[in-house]
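Read the structure below first, then the notes.
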Amino acid sequence: MWEAIPTILDAFENDEEIKVIVLKGAGAKSFVSGADISEFETVRSTKEATNHYEDIADGATDRLYDCPKPTIAMIRGYCIGGGAGIAVSCDLRGRNRGIPVRNSGSQAQCRLPSRWNTQTG
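Heads up, the sequence shown is in my numbering, so the first residue is 4 and it goes up one at a time.
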């Protein structure tokens, strides 16, 4: 997922008919549940692999944050971990009442997006 975000944003930015980018989950259960922590044993097996993974994730959220077109996170359902990082990287966030939004990065030993505290308080 992380590797695809910059490429997709490039295509959207180069399409003059696209004026705003709205990110939403495919269903009502979650916006983005975050990383598949079952893969961490392989994709984060060493310190170098972990740093590489985090650099790719940071690059994707930074790219979204720096997107010149307005970005909106339409949150329906859970928004956890990497999904919360994506949401705080958008210009605007909207969600239904009662929907939990939290970063579980500390539990999975992931870096928090640099804008987490400034966007969420």
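Virtual Cβ for every residue (Gly too), placed ideally from N, Cα, C.
As assigned by DSSP and simplified to three states, the class of residue i
i: arginine 96; result: strand
i: isoleucine 11; result: helix
i: serine 48; result: coil
i: isoleucine 78; result: strand
i: isoleucine 21; result: coil
i: alanine 38; result: coil
i: glycine 62; result: helix
Reference residue i; option with closest CA among the options
i: tyrosine 81; options: Leu26, Pro9, Val35 and Tyr68; result: Val35
i: isoleucine 40; options: Arg100, Gly84 and Ala90; result: Gly84
i: aspartate 69; options: Glu6, Leu12 and Met4; result: Leu12
i: arginine 79; options: Ile8, Asn17, Leu26 and Ala14; result: Leu26
Boundaries of the beta strand (DSSP E) in which residue i is found, first to last residue
i: lysine 72; result: From DSSP, lysine 72 is part of no beta strand (DSSP E); its letter is neither H nor E.
i: valine 25; result: 24-27
i: serine 33; result: 33-35
Is it the case that the segment 41-61 contacts the segment 91-98, given that we only count it when at least three CB pairs across the two stretches are under 8 Å?
Fewer than three beta-carbon pairs drawn from the segment 91-98 and the segment 41-61 are found closer than 8 Å, and the two stretches are therefore not classed as touching.
Would you be able to state if there are at least three C-beta pairs under 8 Å between the segment 44-53 and the segment 70-77?
Contact between the segment 70-77 and the segment 44-53 is absent, because fewer than three Cβ pairs lie under 8 Å.
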